[in-house]
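Trainee: Keeping their order, the protein sequence lines are chains A and X.
Here the first sequence is numbered in this note's numbering, starting from 1 and rising by one per residue.
Here the second sequence is numbered in this note's numbering, starting from 1 and rising by one per residue.
Quick reminder that beta carbons are idealized off the backbone N, C-alpha and C, glycines included.
Take a look at this one; I'll ask things after.
Number of protein chains: 2
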Amino acid sequence: MSQHRHPGAPGRAGAVPTLPDLPEATVARLPEYLRALHNLADAGHETVSSEGLSAAAGVNSAKLRKDLSHLGSYGTRGVGYDVALLIEQIEYVLGLTQRRAVALVGVGNLGHALAGYDGFASRGFRIAALLDADPSRVGEEINGLVVRHVDDLPTVAAEESLAIGVIATPAAAAQQVADQLVAVGVTSILNFAPCVLSVPEGVDVRKVDLAIELQILSFHEHRKASLTALPATGGTALTALPGGFAATDTQEAIGT
Amino acid sequence: MSQHRHPGAPGRAGAVPTLPDLPEATVARLPEYLRALHNLADAGHETVSSEGLSAAAGVNSAKLRKDLSHLGSYGTRGVGYDVALLIEQIEYVLGLTQRRAVALVGVGNLGHALAGYDGFASRGFRIAALLDADPSRVGEEINGLVVRHVDDLPTVAAEESLAIGVIATPAAAAQQVADQLVAVGVTSILNFAPCVLSVPEGVDVRKVDLAIELQILSFHEHRKASLTALPATGGTALTALPGGFAATDTQEAIGT
DNA sequence: CGCGATTTGTGCACGTCTTCACAAGCGCCT
DNA sequence: AGGCGCTTGTGAAGACGTGCACAAATCGCG
Ligand SMILES: NC(=O)c1ccc[n+]([C@@H]2O[C@H](COP(=O)([O-])OP(=O)(O)OC[C@H]3O[C@@H](n4cnc5c(N)ncnc54)[C@H](O)[C@@H]3O)[C@@H](O)[C@H]2O)c1
Ligand SMILES: NC(=O)c1ccc[n+]([C@@H]2O[C@H](COP(=O)([O-])OP(=O)(O)OC[C@H]3O[C@@H](n4cnc5c(N)ncnc54)[C@H](O)[C@@H]3O)[C@@H](O)[C@H]2O)c1
């Protein structure tokens, strides 16, 4: 087929190569593939088929192949993918060839856990600074890092090239912290506070919200419960009537 | 249009009412709306327009209206939505009318933070048990709860009706813990360990993986860097972004 | 060297999600 | 009562994501 030209990570430094512009859904899965690949590499595998890798990553194999095809053609038909090469490619695309510096703001309950987490280091990141607004926390040492005052952010940013800011403060402080991070040039933020952040264009925000995850699970529990609670009514088991309403409309096709 | 009949939460107990079967994407956003609504209620608002609520939740207003329309017709044209009513409806649909019991397995670094988190209680959940495999942790008291041994899970499950299991153990132990949870009847799991869990059909698993979030941010950093490094190609420098982002939301620049 | 077994890469069809745009409905004011 | 401005609810269109199914490519072996 049309020969691919994707630049790849190849040692070649110098010019900034073009990045294939990947579908968001693919980007979100690459880290999963990467983790699975590292496991395979550790287990001594040199190559892996799309079937094998997709099973390890918990996805459909066709989807995996399509995802990888966006990066270029790095598999060998009849054989599979070279594990080491694929790791290199994915890490390149994800921008993990440089160890990115992370600033963690809010060293409370959650912040402490994050600060002590070795998953940062092992996956391409480096905690460059711990920051908090509480004077009584400033100066505390965690894992070899000293907590500094959040107002020192400009100084920290001057010392290090901060790539990502992590917000682990109460929701009430999150927007202000985000503003401070943006002010010193941070363009990627991971927000643990349960609130919406407003940031300028060009700044990416991702959020992790425990309560949302639980509530989504709760919904499915609720749904499962209401289904099993019904007597097995033929095919369409969803017809139980509420208080006393006409069972009208709703285009939703129910049942099988 | 055709009048809606969605059962809703209305005090009427007794029969199990039908749940509208919502699109997954909608389910994932309802918790956000709920949070925004609580904020609005606390601020004294009695009604809110789709425009106002969508701004507070950080989404497109048309999307919000469509999402809410799946629940039934709870707005008033020309006026907006009744905040209290909408809260009630969403909480009903999400199954939050009953406070669900959560079992937290793995009381280490992260587990401690979770155990001490008040966001559980304030959002409709209750930590029913803390469990760990390490004998030296068993017996420790956190926030009024005593850590029990993970092998006591069957006993715990017999005492309480566990709705959700949270796994905060190392990845190597996660699958085994998941099996134990499933064995005692848990059908919803929130997994913090960076690994794929395999569970029987009917069991829902959601995962939270810090490294994945960071790596996705890293990708965008990488992309942004390679773009700005390029000579201004064409006028539209900032148009790169497509419109919609997948279910696992990413918020890109909101606000002004 | 040719053949069959294997596995990738992808065209295509289908389902889901997003967004626009607007008619229908509601409250209020005159 | 009637009209006006505001807001919801939704049809339709398009963007996006998924998964099947298969041709093309590669390897190993006789
Ligand atoms: N603890 C958890 O398990 C958990 C889980 C999910 C989400 N969260 C969220 O994470 C956030 C932190 O939770 P926590 O339990 O660690 O709370 P916490 O109160 O223990 O810690 C918050 C820390 O932020 C600091 N802080 C406050 N304002 C600040 C500011 N303007 N600048 C810098 N630092 C500031 C405080 O001094 C404190 O150290 C909250 O938004 C919470 O909702 C926590
Ligand atoms: N610490 C963080 O900030 C953080 C962030 C994201 C993800 N994670 C992930 O969360 C998990 C826990 O991280 P941590 O830092 O708390 O680790 P940790 O080692 O501090 O704690 C793990 C706990 O699990 C317990 N455990 C081990 N095997 C068990 C079993 N079979 N049954 C029950 N309990 C068992 C251990 O005794 C320990 O108390 C890890 O998978 C980690 O990758 C941690």
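Cβ closer than 7 Å: which chain A residues qualify as neighbours of X:Ser188?
Mentor: Residue mapping note: residue 188 of chain X aligns to position 188 of the second sequence, counting from 1. Near X:Ser188 (Cβ distances below 7 Å), the residues of chain A are Leu217, His220 and Glu221.
Trainee: Would you please state the rounded distance, in angstroms, between the beta carbons of X:Arg148 and X:Ala129? I believe it to be under 8 Å.
Mentor: By one-based count along the second sequence, residue 148 of chain X stands at place 148. By one-based count along the second sequence, residue 129 of chain X stands at place 129. Right, their Cβ atoms sit about 6 Å apart.
Trainee: In three-state terms, what does DSSP make of A:Gly119?
Mentor: Numbered from its first residue, the first sequence carries residue 119 of chain A at position 119. Helix.
Trainee: Mapping DSSP to helix, strand and coil, what is A:Ser54?
Mentor: The sequence position of residue 54 of chain A within the first sequence is 54, counting from 1. The answer is helix: DSSP assigns A:Ser54 an H, G or I state.
Trainee: Which residue from A:Arg126, A:Val146 and A:Arg137 puts its Cα closest to that of A:Val166?
Mentor: Counting from 1 along the first sequence, the entry for residue 166 of chain A is found at position 166. The residue with the shortest Cα to Cα distance from A:Val166 is A:Arg126.
Trainee: Just curious, the alpha helix (DSSP H) that X:His38 is in, first and last residue?
Mentor: For the purposes of this step, residue 38 of chain X is identified with residue 38 of the second sequence, where counting begins at 1. Element bounds for X:His38: Glu24 to Asp42.
Trainee: Over the uninterrupted alpha helix (DSSP H) stretch that includes A:Tyr92, give me the two end residues.
Mentor: Numbered from its first residue, the first sequence carries residue 92 of chain A at position 92. Unbroken alpha helix (DSSP H) run through A:Tyr92: Val83 to Val93.
Trainee: Would you mind working out which of X:Leu210, X:Phe219, X:Arg35 and X:Arg223 sits nearest X:Ser122, comparing C-alpha positions?
Mentor: The sequence position of residue 122 of chain X within the second sequence is 122, counting from 1. Taking only the C-alpha atoms, the option nearest X:Ser122 is X:Arg35.
Trainee: Tell me, which residues are paired with X:Ile127 by DSSP?
Mentor: For the purposes of this step, residue 127 of chain X is taken as residue 127 along the second sequence, with counting starting at 1. Bridge partners of X:Ile127: X:Val102.
Trainee: Under 8 Å between beta-carbons, which chain A residues line up against X:Pro194? List them in chain order, please.
Mentor: Position 194 of the second sequence, counted from the first residue, corresponds to residue 194 of chain X. What X:Pro194 touches in chain A: Arg35 and Gly119.
Trainee: Is the Cβ-Cβ distance between A:Ile264 and A:Ser198 less than 7 Å?
Mentor: A query on residue 264 of chain A cannot be resolved here, the shown segment of chain A reaching from 1 to 256 and no further.
Trainee: Exposed or buried, what is X:Thr18 when buried is set at 16 or more other beta-carbons lying within 10 Å of its beta-carbon?
Mentor: To locate residue 18 of chain X, count along the second sequence from 1; it is residue 18. Buried, because 16 or more other Cβ atoms sit within 10 Å of the Cβ of X:Thr18.
Trainee: Where are the beta strand (DSSP E) runs, 3 residues long or more, that stay fully inside the stretch 59–85 of chain X, in chain order?
Mentor: DSSP runs (the beta strand (DSSP E)) wholly in the stretch 59–85 of chain X: 80–82.
Trainee: Once the 5 residues before and after A:Gly116 are set aside, which same chain residues still bring their CB inside 7 Å of it?
Mentor: Translated into positions along the first sequence, residue 116 of chain A becomes position 116. Correct list, in chain order: Ile142 and Asn143.
Trainee: I'd like to know whether the C-beta of X:Asn109 is nearer than 7 Å to at least one C-beta of chain A.
Mentor: As a working mapping, residue 109 of chain X is identified with position 109 in the second sequence. Cβ-Cβ to chain A under 7 Å: yes for X:Asn109.
Trainee: Taking Cβ to Cβ, would you say A:Leu86 is nearer than 7 Å to A:Leu40?
Mentor: Here residue 86 of chain A refers to the residue found at position 86 when the first sequence is read from its first residue. Here residue 40 of chain A refers to the residue found at position 40 when the first sequence is read from its first residue. Not closer than 7 Å, so no.
Trainee: DSSP puts A:Arg148 in a beta bridge; with which residues?
Mentor: For the purposes of this step, residue 148 of chain A is identified with residue 148 of the first sequence, where counting begins at 1. Paired residues: A:Leu131.
Trainee: For X:Ser198, report the span of its alpha helix (DSSP H) as first-last.
Mentor: Taking the first residue of the second sequence as position 1, residue 198 of chain X is located at position 198. First-last for X:Ser198: undefined, no H or E at that position.
Trainee: Among the candidates X:Leu94, X:Ser136 and X:Tyr92, whose CA atom is the shortest distance from the CA of X:Gly108?
Mentor: The residue labelled residue 108 of chain X in the question sits at position 108 within the second sequence. Looking at the Cα atoms, X:Ser136 is the closest of the given residues.
Trainee: Ordered along the chain, which non-local residues of its own chain (more than five positions away) have a Cβ less than 6 Å from that of A:Gly234?
Mentor: Taking the first sequence and counting its residues from 1, the one referred to as residue 234 of chain A is at position 234. In this prediction, A:Gly234 has a pLDDT of 40, which is less than 50 and means its spatial position is unreliable; nothing more can be read from the coordinates.
Trainee: Let me know if X:Val79 comes out buried or exposed under the rule of 16 or more other beta-carbons within 10 Å of its beta-carbon.
Mentor: Start at 1 with the first residue of the second sequence, and residue 79 of chain X comes out as number 79. The residue is exposed, with fewer than 16 neighbouring Cβ atoms inside 10 Å.
Trainee: Does any C-beta atom of chain A lie closer than 7 Å to the C-beta of X:Ser54?
Mentor: In the second sequence, residue 54 of chain X corresponds to position 54, counting from 1. X:Ser54 does not count as touching chain A.
Trainee: Any idea what DSSP makes of X:Leu162, helix, strand or coil?
Mentor: Residue 162 of chain X sits at position 162 when you count from the first residue of the second sequence. The answer is strand: DSSP assigns X:Leu162 an E or B state.
Trainee: Helix, strand or coil for X:Thr233, going by three-state DSSP, please let me know.
Mentor: As a first step, residue 233 of chain X must be located in the second sequence, where it is residue number 233. Unreliable positioning characterises X:Thr233 in this predicted model, as indicated by a pLDDT of 46, which lies under 50. The coordinate reading is nonetheless provided below. Correct three-state label for X:Thr233: coil.
Trainee: Looking at the unbroken beta strand (DSSP E) that takes in X:Ser136, where does it start and where does it end?
Mentor: What you label residue 136 of chain X is simply residue 136 of the second sequence in a count that begins at 1. Neither: X:Ser136 is in no beta strand (DSSP E) and is coded neither H nor E.
Trainee: Counting C-beta neighbours from all protein chains within 10 Å, is the total for X:Leu156 16 or more, i.e. buried, or is it exposed?
Mentor: In the second sequence, residue 156 of chain X corresponds to position 156, counting from 1. The displayed chain sequence assigns Val, not Leu, to residue 156 of chain X. Answer is buried; the Cβ neighbour count reaches 16.
Trainee: So is X:Val208 in contact with chain A if we call contact Cβ pairs under 7 Å?
Mentor: The residue you call residue 208 of chain X lines up with position 208 of the second sequence. Yes, X:Val208 lies at the interface with chain A (some Cβ there is under 7 Å from its Cβ).
Trainee: Counting only Cβ pairs nearer than 7 Å, list the residues of chain A close to X:Val27.
Mentor: Residue 27 of chain X sits at position 27 when you count from the first residue of the second sequence. Ordered by position in chain A, the residues that pass the 7 Å Cβ test against X:Val27 are Ile216 and Phe219.
Trainee: Name the DSSP beta bridge partners of X:Arg206, please?
Mentor: In the second sequence, residue 206 of chain X corresponds to position 206, counting from 1. According to DSSP, which records beta bridges pairwise, X:Arg206 is partnered with X:Leu190.
Trainee: Tell me the DSSP secondary structure of X:Val107 in three-state form.
Mentor: Along the second sequence, read from residue 1 onward, the residue named residue 107 of chain X stands at position 107. DSSP places X:Val107 in coil when its eight states are reduced to three.
Trainee: Leaving out five residues on either side along the sequence, give the residues of the same chain with a beta carbon under 8 Å from the beta carbon of X:Val146.
Mentor: For this step, residue 146 of chain X is matched to residue 146 along the second sequence. Leu130, Gly139 and Glu140, listed in sequence order.
Trainee: Helix, strand or coil for X:Thr155, going by three-state DSSP, please let me know.
Mentor: As a first step, residue 155 of chain X is located in the second sequence; it is residue number 155 there, counting from the start. Helix at X:Thr155.
Trainee: Use the C-beta contact count for A:Gln89: other C-beta atoms within 10 angstroms, 16 or more gives buried, fewer gives exposed.
Mentor: The residue you call residue 89 of chain A lines up with position 89 of the first sequence. Buried, because 16 or more other Cβ atoms sit within 10 Å of the Cβ of A:Gln89.
Trainee: Please report how far the alpha carbon of X:Glu24 lies from the alpha carbon of X:Ser50, in whole angstroms.
Mentor: Position 24 of the second sequence, counting from 1, holds the residue named residue 24 of chain X. Position 50 of the second sequence, counting from 1, holds the residue named residue 50 of chain X. So the two alpha carbons sit approximately 20 Å from each other.
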